[in-house]
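A quick write-up on the structure given underneath.
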Amino acid sequence: MSEAVEVEQIIETKPRKMALPTSLDKDAIREAYEDVRSNLTDNEWAVFKFDGLKIVCSDKGIGFDEFCAQFHDNERAFGYIRIQMGDEMSKRSKFMFVTWIGPEVGVMQRAKMSTDKSIIKDVINNFAVELQVESSNDL
């Protein structure tokens, strides 16, 4: 006769971190976007950063150097800038959308940028050039 042996299997489960969806401050982002696009305002650029899980307009301003100074090594951000092209007789505005992933940003946050970018591009959708920048030297 053989004895039946019951085996109890214990499975340890670790709590999993679920990625929460990113949201937008759509009104503020749309207002900044339209402000940069308008020829009636002085603002040439707007920068959008993460406030927790929400993308917000963090700053607006004038000048390319000031725009570049908004991006830091330990953060993710988006930028939208108006650039004047042409000569004195024929000036026209072109727009650039920048995705910034600083060199100190972790792997998971880097990976999340593709979905976060698609969310903000629902509002910011008119630009001639799109860049993904990971170093201040690239700006």
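Each step along the sequence shown adds one to the number in our numbering, with nothing skipped, and position 91 is 88. Note that CB positions come from ideal geometry on N, CA and C, so glycine has one too.
message: For a quick check, are the C-beta atoms of Val52 and Ile98 less than 8 Å apart?
response: The amino acid at residue 52 is misidentified as Val; the sequence shows Ile. Cβ atoms of Ile52 and Ile98: not closer than 8 Å.
- prompt: In whole angstroms, what is the alpha-carbon distance linking Glu85 and Phe94?
  reply: Here the C-alpha atom of Glu85 lies approximately 25 Å from the C-alpha atom of Phe94.
- prompt: For the region 56 to 67 against the region 35 to 47, are there 3 or more C-beta pairs whose distance is under 8 Å?
  reply: Yes, the region 56 to 67 is in contact with the region 35 to 47.
query: Measuring CB to CB, does Val102 end up less than 8 Å from Gln67?
result: No, the pair does not count as a contact, with Cβ atoms beyond the cut-off.
- request: Report yes if the C-beta distance between Val120 and Lys23 is below 8 Å; otherwise report no.
  value: For Val120 and Lys23, yes; Cβs fall inside 8 Å.
task: Check Ile117 in the structure and name its three-state DSSP category.
output: DSSP places Ile117 in the helix class (H, G or I) of the three-state scheme.
As assigned by DSSP and simplified to three states, the class of Met86: In the structure shown, Met86 adopts coil according to DSSP, grouped into three states.
message: Among the candidates Ile80, Asp70 and Cys54, whose CA atom is the shortest distance from the CA of Asn36?
response: Proximity to Asn36 across Ile80, Asp70 and Cys54 peaks at Ile80, based on C-alpha coordinates.
message: So, with DSSP's three-state summary, where would you put Ile59?
response: When DSSP states are grouped into helix, strand and coil, Ile59 belongs to the coil group.
query: On the three-state DSSP scale, how would you describe Ala29?
result: Secondary structure at Ala29: helix, using DSSP grouped into helix, strand and coil.
message: Taking the straight line between their C-alpha atoms, what separation do you get for Ser132 and Ser87?
response: Here the alpha carbon of Ser132 sits roughly 33 Å from the alpha carbon of Ser87.
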